[in-house]
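Everything in the sequence shown is counted per the numbering used here, starting at 1167 for the first residue and increasing by one. Glycine included, C-beta positions come from ideal geometry on N, C-alpha and C. One structure is given here, and the rest of the page talks about it.
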Amino acid sequence: MNRLRTLTGTLLTTATMVAATLGVVTPATAAPAGLPGMDVSSYQGNVNWSAAWNNGARFAYVKATEGTYYTNPYFAQQYNGSYTVGMIRGSYHFARPDTTTGATQANYFVDHGGGWSKDGRTLPGALDIEYNPYGATCYGLSQSTMRSWIASFVNQYYARTGRWATIYTTTDWWTTCTGNYSGFAATNPLWLARYAGTVGTLPAGWATYSFWQWASSGTFPGDQNVWNGTLDRLRVLACNGPC
C-alpha cells in the first residue's frame, strides 16, 4: 500500500502507485482483523469524531508536526476531539531527515503536541519515516546515516517522554533507505503502511506489527487502520503497562 504524505495531506503512499505500476498490489476491500482506527492530518479539517466513534473507530493518530517548520492547524480539534469521544489517541511527526537532526525534530514534535502522559488514553508519539514527497526517496542520506538519524529521533523522544516512539513506514522504503535494519524492533512498535489484502513481509526484526494502515479511505475520515489486538491490549500500550 503506500502513498506519499504531502505537507497538508494525510498519510500518502507512493509505494501504492509504484507497486500498482508493477502490477503487484491487490487493494484491501474489507477491513482486516483487529481493532478499527484511523489517522488524520490537516487534509481532513475539523473531523466529526462522534460519527467516527459511532461507526466503530476506537483509536486515532493525528499529525502534529513536520520537520521543524510546520504544525497542523487542526491539531487541537483533532487531537482533543478524538479524546473527548472516548478514543485512545496519539500524535505523529512527518520526518524530514534532509533538514535538521533527528533529535532537533524530536524536540520540535514534543514541544508541539507530541508528548505523552500516562492517562490510559494517549499513545506514544509516532515517527512517520517514508518516501520523500519533495525529492530523493531517501532524502539524500546513505543507509547508515538514515539509521543514525532515526536513532537520534527515537532516543531523544525517549529522553523527553519516557516512551519509545512508534515507527510508521513501509517495508520497501525501510529496506531501501535503512538497509532493512532490525535494530529498532526490540523497542519501537511498528506501524506498517500497506494497501493490500495481506500485511505482507514486515521490515527486519519485527515479528509482528502493532498498527496496520490498510487503506487510504473508507468508513472513517482519513486513512483506515487496525490495531493488532484487543482494546485492553491497546490500553496497555497507551499506559506503558498497567495504569
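Between the segment 1354-1369 and the segment 1330-1338 there are three or more C-beta pairs closer than 8 Å, enough to call the two in contact. Beta-carbon to beta-carbon, N1394 and W1372 are separated by about 11 Å, too far to satisfy the 8 Å threshold. At least 8 Å separates the beta-carbon of L1403 from that of L1293. C1409 and C1304 have their C-alpha atoms roughly 39 Å apart. Within 10 angstroms of the beta-carbon of L1397 lie fewer than 16 other beta-carbons, which makes it exposed. The C-beta of D1285 has fewer than 16 other C-beta atoms within 10 Å across all chains shown, which makes the residue exposed. Contact between G1280 and W1315 does not hold, since the beta-carbon distance rounds to 17 Å and is not under 8 Å. Spanning the alpha carbons of I1295 and N1220 requires a straight line of approximately 31 Å.
Look at the beta carbons and you see the segment 1379-1392 not touching the segment 1338-1355: under three pairs across the two are nearer than 8 Å. Note on the segment 1285-1349: whole alpha helix (DSSP H) runs with a minimum of 4 residues are 1309-1327, 1337-1344, in chain order. Shown here, A1362 sits in coil according to DSSP, grouped into three states, outside any helix or strand.
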